[in-house]
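Colleague: Before anything else, here's the structure in question.
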Amino acid sequence: MEIFTYVIDGELTHKDSMGAHETLGRGSVQYMSAGLGVTHSEMNNGDKLLRFLQIWIKPDRKHYKPNYGSRVFGREDRHNKLHHVATSYDNYGNTEKDEGSGIIPIHQDANIFISEIDSDFTQEYLLQRRRQLYLVCIEGSLSVNKIVHMEARDALEVEGDEKDDQPLELTATGNRGAHFIMLEMAKA
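Here the sequence shown stands for residues 1 to 188, numbered as in the UniProt record's numbering.
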């Protein structure tokens, strides 16, 4: 299983049977390939509320070696832009070695993007034909193509066309802007 965790607030402490042990704060990402089995625990060791999103992605095949890593991203990495945080090993250079910085490699034809946009800012994204995406509004509010309105904790699935790419306009509405995550993948 490809496990991707994004810290929204607070601090997440991780410990696993491969020897990894660390604490990550807001905007950080932790990932794990648990293909051949690994035991792990995640907890809030701090005094503040912890909020995080965890996405489990079925890998493209079985029996990968377990792998763990993390990235610490600042707000500037995702402010008013789509920050590409994860992609397929095929897009990464088709190597099993994670370099420890930059985009996180995963064992699936998928991409993960994170963004925090200011009020009235529009982020454009072109969904390629025969692809789909799952969008979660984490904080604030968001308009998609001026048709769908999303509030915090709302989610939306968008399926791409069979013949043409589909442009998407993601606009922050309200005074708080919008903080969102997108998982883009091949259409099932």
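C-beta atoms are modelled at their ideal positions from N, C-alpha and C, and glycine is treated no differently.
#1: Any idea if Gln54 is buried or exposed, counting beta-carbon neighbours within 10 angstroms, 16 or more meaning buried?
#2: Could you check which residue in Leu183, Glu116, Ile104, Met150 has the C-alpha nearest to that of Ile8?
#3: Among all the DSSP beta bridges, which residues are the ones paired with His179?
#4: Given this structure, state the Cα-to-Cα distance separating Asn94 from Ser143, to the nearest angstrom.
#5: Taking only three categories from DSSP, how would you classify Tyr89?
#6: Report the three-state DSSP secondary structure of Arg78 (helix, strand or coil).
#7: Quick one: give me the first and last residue of the beta strand (DSSP E) that Lys18 is part of.
#8: Please report how far the alpha carbon of Ile181 lies from the alpha carbon of Glu169, in whole angstroms.
#9: Helix, strand or coil: how does DSSP classify Val29 here?
#10: Taking Trp56 as the reference, give the member of Ser141, Leu133, Met32 with the closest Cα.
#11: Taking DSSP as the reference, what is the three-state secondary structure of Met1?
#12: For Glu124, which residues does DSSP report across the bridge?
#13: Are the stretch 156-172 and the stretch 102-111 touching by the rule of at least three beta carbon pairs closer than 8 Å?
#14: Tell me which residue opens and which closes the beta strand (DSSP E) that His40 is part of.
#15: Could you have a look at Asn94 and say whether DSSP puts it in helix, strand or coil?
#16: Just to confirm before moving on: does the CB-CB distance between Gly140 and Gly102 stay below 8 Å?
#17: If you follow the beta strand (DSSP E) that Asn67 is part of, which residue opens it and which one closes it?
#18: Is Asp9 helix, strand or coil by DSSP?
#19: Just to confirm the assignment, what range does the beta strand (DSSP E) spanning Arg153 have?
Modeller: According to the data block:
#1: exposed
#2: Glu116
#3: Glu116, Glu139
#4: Reliability fails at Asn94, whose pLDDT of 49 lies under 50, so the model's placement of it is uncertain and the value that follows must be treated cautiously. If you take the alpha carbons of Asn94 and Ser143, they lie about 36 Å apart.
#5: helix
#6: helix
#7: For clarity, residue 18 is Met in the given sequence; the question names Lys instead. Where Met18 is concerned, there is no enclosing beta strand (DSSP E), given that its DSSP letter is neither H nor E.
#8: 14 Å
#9: strand
#10: Met32
#11: coil
#12: Glu169
#13: no
#14: 40-43
#15: Residue confidence is low: Asn94 scores 49 on pLDDT, short of 50, so the model does not pin down where it sits. Its coordinate-derived value is still stated next. Residue state, collapsed to three classes: coil.
#16: no
#17: 67-71
#18: strand
#19: Looking at the DSSP string, Arg153 is not in any beta strand (DSSP E), and its letter there is neither H nor E.
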